[in-house]
């Protein structure tokens, strides 16, 4: 076996390569190594491409160091076409004796890619709905659709069968009683007026060739026709539940069979009598129609006709974004009685998903109802439901002799840790732990980043961020998963993308969402300004007018994804969106800064803001807007350079230079102090490079440190300052102050929620008050990832790894120990392979570091030593060990400024 191996092959950012929507999908491959050859770099590669019906593969020999998103070498794929790819990479490295050696990988296993349907003309199916229309002002009862069909082929076997399917609403599909796929809430939420995703499934094994088959589809309102937002809007995209399905079968004799959705199907009300995103699902098992999707002879006399409706006006897009799925199961840690005697279930983890219930035997009580009410927290030993606002996440089941053994809601999801069970038919009204399970749901992105250290509470903080990401990366990046909102707020994901793109492979997930941002923003009526939430469900923006930070997502999030993935194609795709925002969307005054008449969210949820006025933070909102303006202009200039748009690059660079000077004139003193004198203002200035001269930057860093001391190291920043403050402290060489803030436990701080039992990141620093009562503000969520953006600093500075080049081709390894931490470890599955760093301080006071760099990459390692050259040591791929004497800075930092005694116990 070769010392360097090709570990995996992928196409574009597609989860599997099956049902891909690209005619010429770019190819990537990752490496692993046994460390016998170091500093290995690819010099060339061979790609074999096997096309259907071609016995001999096409062979392409390419001189290139690239192994990520390389061009498709063959002719473009046709609709439905599949191909396989094998790769062998050739390069050079250094053996154990220090000699340069040529070394190639083994030829990889075949990776298969299969195209979806590219053209509208590929669809012969028709959008199919019930012939009768439902009340547009009321919740819509889910609908069952059914079609029996025969495709007997004497002496022939099925070669392959594919189902292409989507819905106006959310659907589940069945063939002969077998559920197709594992997707939840499919086809997912997009800007339905512009893009409608469809899924592709291999259904070869689910079909019968020797008799009748039955296809069933169940459709609920979902996001398409359900209630969205706190304004109680229904049917934002349409009033009729419908589906589009095309089953294509190819037999081994070359003949084909196609089944399409059309007006010949029959429909019937589902036994689910109501299913809503915010308000739960009601299931009446007495109305279950046994065998409706398994028996070809099922009596359809009571079923109603369907009709074909207008084909979707939106583009039908093959789903590249990962589907929502059930990805974990959690059993209760405790079932107990509330103060009022209610049965309460505690899963020990705030999560997003739904319940799975082993239903009790109805016995002599058919028609008996069970209800399950969900909440994130308890207040006074009862469900804390006030933060849900008008959402009523209650599921119900009516028992009968027709009930299934296991039941779970189909078309809803909840954010919860606690569940109140009413009506459990036992003497004590209490289910057992074996009766109830929580099914964790989120978009099925691959995990890429891990972190741990010697401080358990810091580890719990990191774990809380993971859970908040999972709970809110649910088809789109939402703000919260529990109340009457769950919307794609642009500001939240803008500040969190650097953290998210380390923890999970979010390229296709956020790439799909950015397509919606662009589509809605480039509508003529938008004038270059996207919605504050995307997809935008509001008739009027709230507040009116463009917003810095939030709408800056158009420029900053594509750049953050490029930094992580190296995908310049994403920048090219989003380039019109970026230019529209910068050129037309940002309202600028005569001096070139933001128009001062536009109200801004500012440093949202600054802890000094009143509970009912979260935008009234201590930092001037226009200072924030103008700081972000400079940052956005500099970023789009870099985008232009990457894309070869030299004229635009020069124009935006010059604009950034002028605007930066104007910012300095408007907001800074000659010594480096900043108007307003807040932690957020200094963090912006330092991280965005808004100050000139080493002395001014040092002055700003010292002042930021002093502000941290003055607040007893508690947080004084909101959505804007919180992701930046630890970076700013480290950039100004105040590392220990950053650690001191990280380790603080008093409110407001990152660890305060953990002292209160939090298992996710809260929306407010004090979503729960120290006395156990819920924050009185009307906007209080216990699962909101934005304030967890500190993990980006933990990965980069505490763990010590970050990309020097976009896509992690070159890596900086520079861990900075501090605080009470004795060790830390970080791992990242980069586009090239695993990057890892682990450090510890031994009993003799030495700093010991282990580093792993994947093949075809290089790194610069900088140790925390006063004796080392701070330009660092260059290394190639391999596993390395480093050690140096460690001279810690004062801890706690500069005690003469301390206003409280440092505490970590508890």
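Residue numbers (the UniProt record's numbering): 1 to 906. Note that CB positions come from ideal geometry on N, CA and C, so glycine has one too. Remember, predicted model here, so these are calculated numbers, not experimental data.
Going by beta carbons, residue 199 and residue 314 fall outside the 8 angstroms limit. Taking a cut-off of 8 angstroms for Cβ pairs, the region 232-240 and the region 553-565 do not touch, as fewer than three such pairs fall below it. The shortest CA-to-CA distance from residue 536 to any of 65, 881, 192 is the one to 192.
Selection 139, 300, 321 evaluated against residue 516 yields 321 as nearest (Cα-Cα). Remark: three or more beta-carbon pairs, one from each stretch, lie closer than 8 angstroms, so the region 346-353 and the region 324-332 are flagged as touching. For residue 672 against residue 691, the beta-carbon gap comes to about 6 angstroms, under 8 angstroms, which counts as contact. Contact between residue 806 and residue 563 holds: their C-beta atoms lie close to 5 angstroms from each other, under 8 angstroms. According to the DSSP secondary-structure assignment, residue 823 is paired through a beta bridge with 840.
Between residue 468 and residue 784, the CB-CB gap stays under 8 angstroms.
One alpha carbon belongs to residue 107, the other to residue 24, and they sit about 22 angstroms apart. Residue nearest to residue 387 within the set 71, 782, 369 is 782 (criterion: CA-CA distance). With contacts defined as CB atoms closer than 8 angstroms, residue 876 and residue 38 qualify as a contacting pair. Between the alpha carbons of residue 280 and residue 227 lies a gap of roughly 12 angstroms. Taking the C-beta atoms as reference points, residue 245 is found no nearer than 8 angstroms to residue 131. Residue 278 holds the alpha-carbon nearest to the alpha-carbon of residue 483 among 454, 635, 278. The beta-carbon separation of residue 614 and residue 605, rounded to 5 angstroms, stays under the 8 angstroms limit for a contact.
Judged by DSSP secondary structure, residue 695 falls outside any beta strand (DSSP E) and instead within the alpha helix (DSSP H) spanning 694-710. Counting other Cβ atoms within 10 Å of its Cβ, residue 291 stays below 16 and is therefore classed as exposed.
Using a Cβ distance threshold of 8 angstroms, residue 142 and residue 272 count as a contacting pair. Cβ contact annotation for residue 64 (same chain, cutoff 6 angstroms, sequence separation greater than five): none.
When C-beta atoms of the region 522-536 are compared with those of the region 487-494, three or more pairs fall below 8 angstroms, so the two segments count as touching. Taken through DSSP and simplified to helix, strand or coil, residue 189 comes out as coil.
Scanning its chain for C-beta atoms nearer than 8 angstroms, with the 5 sequence neighbours on each side dropped, one finds around residue 591 the residues 662, 666, in chain order. Shown here, residue 468 sits in a helix according to DSSP, grouped into three states. Secondary structure at residue 779: coil, using DSSP grouped into helix, strand and coil. For residue 418 and residue 762, the gap between their C-alpha atoms comes out near 16 angstroms. A Cβ-Cβ separation of about 16 angstroms leaves residue 800 out of contact with residue 736 under the 8 angstroms criterion. Inter-segment contact for the region 441-460 and the region 382-396 is absent: fewer than three beta-carbon pairs are separated by less than 8 angstroms. In the structure shown, residue 742 falls within a helical segment according to DSSP collapsed to helix, strand and coil.
Among the bridge pairs identified by DSSP, residue 92 is matched with 41, 102. Remark: fewer than three beta-carbon pairs, one from each stretch, lie closer than 8 angstroms, so the region 358-371 and the region 450-463 are not flagged as touching. By the neighbour-count definition (other C-beta atoms within 10 Å, threshold 16), residue 701 is a buried residue. With distances taken between CA atoms, residue 728 lies nearest to 790 out of 746, 17, 790. Bridge pairing for residue 395: 372 [DSSP]. Boundaries for residue 661: no beta strand (DSSP E) harbours it, while the alpha helix (DSSP H) harbouring it runs 646-667, taken from the DSSP string. Going by DSSP, residue 159 is part of the beta strand (DSSP E) stretching over 158-168.
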